Amino acid sequence: MDKLRGEFVDIIEWLEDSRTLLAWRFPRYQNEIKQGAQLIVREGQIAIFVYQGQLADTFGPGTYTLNTQNLPLMSTLQGWRYGFNSPFRSEVYFVNTRPVTDLRWGTPTPITLRDPDFGMVQVRANGLCIVRVQNPPLFLRTVIGTDSAVDIDEVTELIRREISQALSELVLGTGVGAIDLQSRQTELSGKLRDVVASRVDDEFGLAIDSITMNVSLPDEITQAMTRGVAQGVEESGRMRQLDDLDKYQRVRQIDAMNAAAGNPGGGAMGDMMGAGMGVVLGQQMANQMNQPAQQQTPPPLVQDSQTFHIEINGASAGPYNIGQVREMVANGQLTTHTLVWSAGLAGWMPAGQVPALLAFFVSPPPLPSQPAATPPAPPSNPQDA
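Residues in the sequence shown are numbered consecutively from 1, following the working numbering.
Put into structure tokens, the structure is as follows:
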């Protein structure tokens, strides 16, 4: 039956729509192909003819009528000098060149790195990899061999091993800490793709289009960061509420004083309310004037070696030394409400509550204004002038 089917079937094509099947061998009885057979190669496919284990002709997308004109290498290998009218033997492999987008990877064992704040830390990573066959002849020689079909699972373990090894070398080579590793995931993903692609293209004929990476920190570090951020947000919100309440009370007091002073029928009562409001405002102004004097108490000395992590757009940045922190305060990038963290702090705190940074936010008092010179009074008698 296979022999009869081979006599009548003269169309060679691959209709498999699976994106995970990378290569497939066209089945023919004794690998015989008739003269004038039709070869159909669709987009995303490459057809390769193999004669006695040796790669012969390759066809890209299109429709072909097989003869000695479009099979030059096959004709040479089989020794035809005057053409052929009988069936010829050859294996036909179809290679899928479309990208496979659902290859998942992960580190089999955690990567140990040295963090400047937490010491030795073990991190894990996982993500997706997009891979495709870039060099079908090389892929045929190194991966397919004599298999009748090659699935993505046969190269998945190879790619995962290359990604894990390259990631470990990349992380240890950059020397970044665990927290900074999360903020630089996009940058490291691009470098990881370049390293892995350089290892699998010349050896296996594969191309790595992209690699996404998600770094997982240990639970104890994640919990410590979460507690610090929550405490900092709570303290910042409480300070804003107190500040807004103080402004609201002062506005209400000024409005009440203006209403009492502008009420002609108020009489003595209006005068008393105005005097009372004046006393209250005077006390508040005195308290505000005394606050800078109280804040002039020298803060504790800052160690030059102390570094700080700073929250920028919801992510951790740094560490920054004291000189860099001072410049960020001067440029307005770091305010009293900005969350910071350093070794020795219980968690993330607003910069205005860190004693070591208070000196950067204290502004010098304004210069005292000199009273204008009063001109002498004019003489009352013109003759005296």
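Glycine included, C-beta positions come from ideal geometry on N, C-alpha and C. Just so it is clear, the structure is predicted and the values come from calculations on it, not from any experiment.
Query                                                                                                                                                                   : Result
Can you find the residues in the same chain that come closer than 7 angstroms, C-beta to C-beta, to P137, ignoring five residues on each side of it along the sequence? : I48, L55 and T58
Taking the CB atoms as reference points, tell me whether T65 and I40 lie closer together than 8 angstroms.                                                              : no
Taking just the CA atoms, how far does L158 sit from L128?                                                                                                              : 15 angstroms
Could you tell me whether the Cβ of L217 comes closer than 8 angstroms to any Cβ of chain C?                                                                            : Of the protein chains in this structure there is only one, and it is not chain C.
Please classify S148: is it buried, with 16 or more other beta-carbons within 10 angstroms of its beta-carbon, or exposed?                                              : exposed
Helix, strand or coil for R19? Go by DSSP, reduced to three states.                                                                                                     : coil
So which of L188, V176 and D10 has the shortest CA-CA distance to D115?                                                                                                 : V176
Suppose the cutoff is 7 angstroms on Cβ atoms and the five residues either side in sequence are ignored; what does the same chain contact list for D201 look like?      : Q134 and A207
Tell me where the beta strand (DSSP E) around P319 begins and ends.                                                                                                     : A315 to Y320
How would you label L172, buried or exposed, when you count the other beta carbons within 10 angstroms and need 16 or more for buried?                                  : exposed
Under 8 angstroms, do V150 and S90 count as touching if we go by C-beta distance?                                                                                       : no
From the DSSP output, which residues share a beta bridge with L103?                                                                                                     : C129
What is the rounded straight-line gap between the Cα of P319 and the Cα of D102?                                                                                        : 36 angstroms
Could you tell me if A356 is buried or exposed, where buried requires 16 or more neighbouring beta carbons within 10 angstroms of its beta carbon?                      : buried
Over the uninterrupted alpha helix (DSSP H) stretch that includes F360, give me the two end residues.                                                                   : L358 to F361
Using CA atoms only, rank isn't needed, just tell me which of G119, S216 and Q165 is closest to L193.                                                                   : It should be noted that the sequence gives Arg, not Leu, for residue 193. Closest by alpha carbon: Q165.
By alpha-carbon positions, which one of V340, T97 and P27 ends up nearest to D209?                                                                                      : T97
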